[in-house]
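To start, the structure under review is shown below, and the notes come after it.
In our numbering, the protein residues as written are 976 to 1159.
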């Protein structure tokens, strides 16, 4: 007999108002990446996090400190006594770029773009989500630009077209549009 968790009709067999055990709890945990934040969504919280929620006082405060994400490290500036200066340091902001959809199986996570215009587009690896975000959603001036090296091309710096958001896309363009110049 197949597992009820894999049977799509299992959801319809449960009495009204009762959710199957594998869908009863959902937790959202921030996962910090270099200058980006994604949120991990899992079906059931790990046992240690369920125990922590029942603690109080001193131990609860210790758990909060232990589970707090590490703060990013920024260069510190030494100021000589008598030479104090006011200097504004711009720190990178953490941006939510997506969520991690997890069913608890190792290697089965899906990474979903957080942008509303992507219509829940998912990726199999976090690197693919980051690359997608850098090319499609990064702020103007922060998007990578790869120009066609053929000066006569409209996608070159001297042309009227746009730069490519990814290096591999620029190479694809070279092999298709300029195959007679660069060869195969």
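The C-beta atom is built at its ideal place from N, Cα and C for all residues, glycine as well.
Note that this is a predicted model, so its numbers are computed, not measured.
For residue 1149 and residue 1157, the gap between their C-alpha atoms comes out near 7 Å.
Between residue 1086 and residue 1106, the C-beta spacing is not below 8 Å. With respect to the C-alpha of residue 1089, the residue from 1140, 1102, 1071 having the closest C-alpha is 1071. Looking from the CA of residue 1069, the closest CA among 1113, 1119, 1129 belongs to 1113. Nearest to residue 1094 by alpha-carbon distance, out of 1073, 1121, 1109, is 1073.
DSSP places residue 1110 in the helix class (H, G or I) of the three-state scheme. Of the residues 1091, 1097, 1092, the one whose Cα lies closest to the Cα of residue 1075 is 1097. 8 Å or more divides the Cβ of residue 1128 from the Cβ of residue 1145. As far as DSSP is concerned, residue 1104 takes part in no beta bridge. Here residue 1139 really is in contact with residue 1130; their C-beta atoms are around 7 Å apart, less than 8 Å. Excluding five sequence positions before and after residue 1142, the CB atoms of its chain that fall closer than 6 Å to its own CB belong to 1121, given in chain order. Relative to the Cα of residue 1125, the nearest Cα in the group 1118, 1117, 1119, 1134 belongs to 1134.
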